[in-house]
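Input: a single structure, listed below in structure tokens.
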């Protein structure tokens, strides 16, 4: 079954490498015998389903391969589903093109409000002082 990342990208099952191993931690006989831990690996550099642009973007952000691990559940099938969702989420986040930040200046009103606040704080502090005895 293919993993749908977004509207434009679907990762075919043939490009995915699945590895299974026993999950660590407590669990008795079941944990010692069942290969419920799932590792899902996708080779970005060798993927024919990616355009050169996307391959470059993913390679820059994630590296040559993407690997996710799931050992949250006792069931291998549920861990497979979790691993698929995690892989899709990582790839989806890496494909987002962030808008470049354009530096802005504070508006005149914002500068005036800031200076008014500063004058007010200064006045409050001045009123807390002891009155001077210069007589």
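In our numbering, the protein residues as written are 221 to 355. Idealized CB from N, CA, C, for every residue including glycine.
query                                                                                                                                                                               : result
Should the region 255 to 265 be called in touch with the region 298 to 318, which here means at least 3 C-beta pairs below 8 Å?                                                     : yes
Helix, strand or coil: how does DSSP classify residue 287 here?                                                                                                                     : strand
Since residue 258 is in the beta strand (DSSP E), which residue starts that stretch and which ends it?                                                                              : 257 to 263
Helix, strand or coil for residue 241, going by three-state DSSP, please let me know.                                                                                               : strand
Leaving aside the five residues before and after residue 242 along the sequence, list all residues of the same chain whose C-beta is less than 8 Å from its C-beta, in chain order. : 251, 252, 253, 254, 255, 256 and 257
Mind checking which residues open and close the alpha helix (DSSP H) that includes residue 226?                                                                                     : Element bounds for residue 226: n/a, residue is neither H nor E.
Determine the extent of the alpha helix (DSSP H) in which residue 332 is found, giving its start and end residues.                                                                  : 328 to 348
Taking only the alpha-carbon atoms, compute the straight-line gap between residue 261 and residue 285 and give it to the nearest angstrom.                                          : 7 Å
Does the count of Cβ pairs from the region 263 to 280 and the region 227 to 234 closer than 8 Å reach three?                                                                        : yes
Within 10 angstroms of its Cβ, does residue 335 collect 16 or more other Cβ (buried), or is it exposed?                                                                             : exposed
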